[in-house]
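**Q** Just passing along the structure, written as structure tokens.
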Amino acid sequence: MELAVQGMNLLVSSLLWELALAVLVLNLPFGFWRGGVRRFSLTWFLAVHLPVPLVVGLRLLAKQEWHVTTFLVLATFFFLGQYLGGKLRQWWQRRRDALATRRGSTRT
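Position in the sequence shown (from 1) plus 1210 gives the number in our numbering.
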């Protein structure tokens, strides 16, 4: 029962959610990068795995212990940052292409 109470205390910890938000923001540029490279290539592998030591460093700086709850929250926000960064790249590319098309049609 004590473990369940400890897990609930972690879920309401503002430090954990601040750390999770930092992990998400940290992963946005890596997800943006990952979205523009061939899947399972070396650059894709680097875009996915380079932020891992940074996330571990953030966790150590925040003095967050390893609990299942902490791991699940941070891993979720890690992958959410990767996903949103990739979606941001798709949006940016569509917008860039639409602007290029619009400029090309007005010049001719």
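From the three backbone atoms N, C-alpha and C, an ideal C-beta is built for every residue, glycine too. Bear in mind that the values here come from a model prediction, so they are computed numbers and not experimental data.
#1: Please state whether DSSP places residue 1275 in a helix, a strand or coil.
#2: Are the beta-carbon atoms belonging to residue 1261 and residue 1236 less than 7 Å from one another?
#3: Measure the C-alpha to C-alpha separation of residue 1286 and residue 1245 and round it to an integer number of angstroms.
#4: Compare the C-alpha of residue 1234 against each of 1288, 1240, 1257, 1281 and name the closest.
#5: How many angstroms separate the CA atom of residue 1283 from the CA atom of residue 1301?
#6: Using the rule of at least 16 other Cβ atoms within 10 Å of the residue's Cβ for burial, across every protein chain shown, is residue 1306 buried or exposed?
#7: According to the Cβ coordinates, are residue 1232 and residue 1268 closer than 7 Å?
#8: Taking residue 1241 as part of the alpha helix (DSSP H), name the residues at either end of that continuous run.
**A** Once the coordinates are examined:
#1: coil
#2: yes
#3: 18 Å
#4: 1288
#5: 26 Å
#6: exposed
#7: yes
#8: 1224-1244
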